[in-house]
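The structure appears below as structure tokens.
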Amino acid sequence: MPTYLERLIIESLSEAYRAVRPDGPTVTIEVRPSDRPEFGDYSSNLALIASRSAGIPPRELAERLMKAVGGPFRVEVAGPGFLNFFLARPTIHAALSEALSRSDRFGFIDEGEGKRAQIEFVSSNPTGPLTVGHGRQAVLGDVLSALYERLGYDVEREYYFNDEGRQIDLLAESLWVRFRELHGESRPIPEGGYEGDYLREMAKDLRAETEEEFSEFDPPTRERFRREAVSRITEWIKEDLAKLGVRFDTWFSEADLHRAGKVEEALVELEKRGGVYEKDGAVWLAAERHGGAKDSVLIRSDGRPTYLMVDIAYHIDKFRRGFSRVIDVQGSDHQVEQSCVKAALRILDFPDDFLSYAVHQFVSLKEKGEIKRMSTRAGRFFTLRALIDELGRDVVRYFMISRRPEAHLEFDLDLARSESLDNPATYVKYAHTRIASIFRKAAGMKIDHAGADLSLLAEEEELELIKKIDRFPEVIRVAAVSFAPHMLAEYALDLARSFHAYYDKHRVLGDDIELSRARLSLLSAIKLVLKGTLDILGMDAPEEM
RNA sequence: GCGCCCGUAGCUCAGUGGACAGAGCAACGGCCUUCUAAGCCGUCGGCCGGAGGUUCGAAUCCUCCCGGGCGCACCA
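The opening position of the first sequence corresponds to residue 0 in numbering that gives the first Met the number 0, with each subsequent residue numbered one higher.
Take a look at the structure:
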């Protein structure tokens, strides 16, 4: 989808194409920002693409299109057959007016038409504190949610968890062992249990709150320790997320699926459609026949459902809840699982675009050039909370979002700690602050910019800034549909950089009042876009620093 | 062995099939009696892992190879 300025060119070019090739095949006309000034403001490769079907050499076709096209621009043919467009200044200024007139609705697109979308992320079971890896997912999911809201979807943020079962029993027993240690009794942590120090802390808290000794790990004790552990850890998780500025609409318990009989229902549905078979006393999903990575067990030979079985039931439930699309944010280690769930939904004839997975790679921390090794099993990890407490929400969020999700994220602690503008999070925020500061000064001088004459914006830097502003809605759209929130971070950094350079070269509040008013208009749009971007990223846009 | 992802400047990374490949950090050198120098400008730095192929055109798409991550449980 093109930007305001690109659309203008595409429409003219489309007419020219029909004039030159009345019976030609339909083509998608692409217009993109030129990467060099001598190539104009925007370029199109239409002649190169349409050359073959037209049976006309690209340069010649380009010449013909150039003669046929009309609009507020000058056109040149260059290179192998590119059409380069040099926009008339008033047209560029119109893009600025457009942004300003939309005000804080600039960057909202009505593509989703209010359809309900669910984004599920984090979904860590309450067995321990959130790690930096969960942090990446939390920010990814939250920013993705914000992007889809801008796209016009009614977004629900969901956290899926399991607070029952074997893992939780092990957690309860591990906590109980720590608790008994405080009574001078030493026992090993159960096989596959939780070694982390956080259970020692929790045991101390519990010890301080109760006189009971719980000398035996009998059923009532297990139930009590399960409840204590789960509720306390869930509280931690919620606090960690709150510190990150992440809030969920729905906390969905896996146990509810079992209680409501949804797991059995799902199995019956799959059986009805012939999507399962029996082997070795277990029930298997015929995933491979439906695009899954491998056939997998749904019901164990002892009759208990597997995680996959429940996961399928969960996604059927999501569908029944009326979402038109669901996005699951997950780590890259769930690939087989994902393909199996998709295979199951295919067997059930769900719309193919109902479920998408936004997959991301892991996070490692780097300090003084060295990667810090983490191991959750041994209870040795950097918690998300420690990271936020040290760096603050905004820096953590910016760093977590600034890389492509599918690339491994190396979190540079030294750079993140830097208070200077080497730190990109600070740099972007400072651009916003700087503009705010100029507006304060303008207010003091009784200068406002209502109805300013934008045609006074004639500097090259000003026109470039306007073209960048014009791209904002499109950046949001592409970042959302391709699950690439890092594009927002890139965009913000680029816009901030352009602004700082402009600020340094051109004075906003000068002797020429009319010019000052025009420049304030430009700054007002930049501020609008920076604020919008920081909002999506979940960061503060401070008026002062 | 099989599947997915990654390999771009010394380091961390951008780069919707387009016209000489970009930024930050690091290194070096400049710019403040003026709106926040918490800033700006410049220099240095690359056979885009390798080899083929598709295309008018490839860092980008396809195949193979090399190197790294993750996964391949009747675990969750």
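C-beta atoms are modelled at their ideal positions from N, C-alpha and C, and glycine is treated no differently. Keep in mind the model is a prediction, meaning the values are calculated, not measured.
For L82, the first and last residue of its enclosing beta strand (DSSP E): 81–86
Cβ-Cβ distance between Y397 and A495 below 7 Å: no
Where the alpha helix (DSSP H) containing R496 begins and where it ends: 485–504
Backbone CA spacing between Y490 and I475 [nearest angstrom]: 10 Å
DSSP three-state assignment for Q360, whether helix, strand or coil: coil
Beta-carbon proximity check, V325 vs Q136, cutoff 7 Å: no
Extent of the continuous beta strand (DSSP E) to which L269 belongs: No beta strand (DSSP E) contains L269, which is instead part of the alpha helix (DSSP H) from 261–271.
Helix, strand or coil at S33 [DSSP, three-state]: coil
I91 (DSSP reduced to helix, strand or coil): helix
Three or more C-beta pairs below 8 Å linking the stretch 106–123 and the stretch 203–222: no
Backbone CA spacing between I437 and A500 [nearest angstrom]: 15 Å
Inter-stretch contact at 8 Å, needing at least 3 Cβ pairs: the stretch 248–256 / the stretch 144–161: Contact between the stretch 248–256 and the stretch 144–161 is present, because at least three Cβ pairs lie under 8 Å.
C-beta contact flag for L205 and S173 at 7 Å: no
Buried versus exposed, by CB contacts within 10 Å (16 or more), D327: Result: buried.
Buried versus exposed, by CB contacts within 10 Å (16 or more), I8: buried
Short Cβ contact (7 Å threshold) for H448 with S520: yes
Burial state of V26 (16 or more Cβ within 10 Å): exposed
Sub-7 Å separation of I28 and L4 beta-carbons: no
Beta-carbon gap between P472 and G191 smaller than 7 Å: For P472 and G191, no; Cβs fall outside 7 Å.
Those residues which DSSP pairs with S42 across a bridge: R31, N83
Alpha-carbon spacing of R376 relative to P218, whole angstroms: For R376, the predicted model reports a pLDDT of 47, less than 50, meaning its position is unreliable and no value from the coordinates is stated.
Backbone secondary structure at Y306 - three-state DSSP: Of the three classes helix, strand and coil, the one that applies to Y306 here is helix, per DSSP.
Close Cβ partners of K547 (< 8 Å) along its chain, the five nearest in sequence each way excluded: Beyond the ends of the chain as shown, which are 0 and 544, falls residue 547; an answer cannot be given.
Assigned secondary structure, V19 (DSSP; H/G/I helix, E/B strand, else coil): helix
CB contact flag (D310, V340, <7 Å): Contact: yes.
C-alpha gap between L464 and F498, whole angstroms: 7 Å
Where the alpha helix (DSSP H) through S295 begins and ends: Unbroken run through S295 is the beta strand (DSSP E), 295–298; no alpha helix (DSSP H).
Three-state secondary structure assigned by DSSP to V325: strand
Contacting residues, own chain, Cβ-Cβ under 7 Å from A281 (five flanking each side not counted): V296, I298, R299, S300
Cβ-based neighbour list, A312, same chain, cut-off 6 Å, excluding 5 preceding and 5 following: L256, K261, V262, A265
Backbone secondary structure at A312 - three-state DSSP: helix
Cβ-Cβ separation, R73 to F81 (assumed contact under 8 Å), whole Å: Their Cβ separation, rounded to whole angstroms, is 14 Å, which puts F81 and R73 out of contact at 8 Å.
Under the three-state DSSP convention, the category D332 falls into: helix
Residues near P541 by beta carbon distance below 8 Å, same chain, minus five either side: Around P541: K428, H431, T432, A435.
Contact the stretch 164–183 vs the stretch 147–155: 3+ CB pairs below 8 Å: no
Start-to-end residues for the beta strand (DSSP E) that takes in Y147: No beta strand (DSSP E) holds Y147; the alpha helix (DSSP H) holding it covers 131–149.
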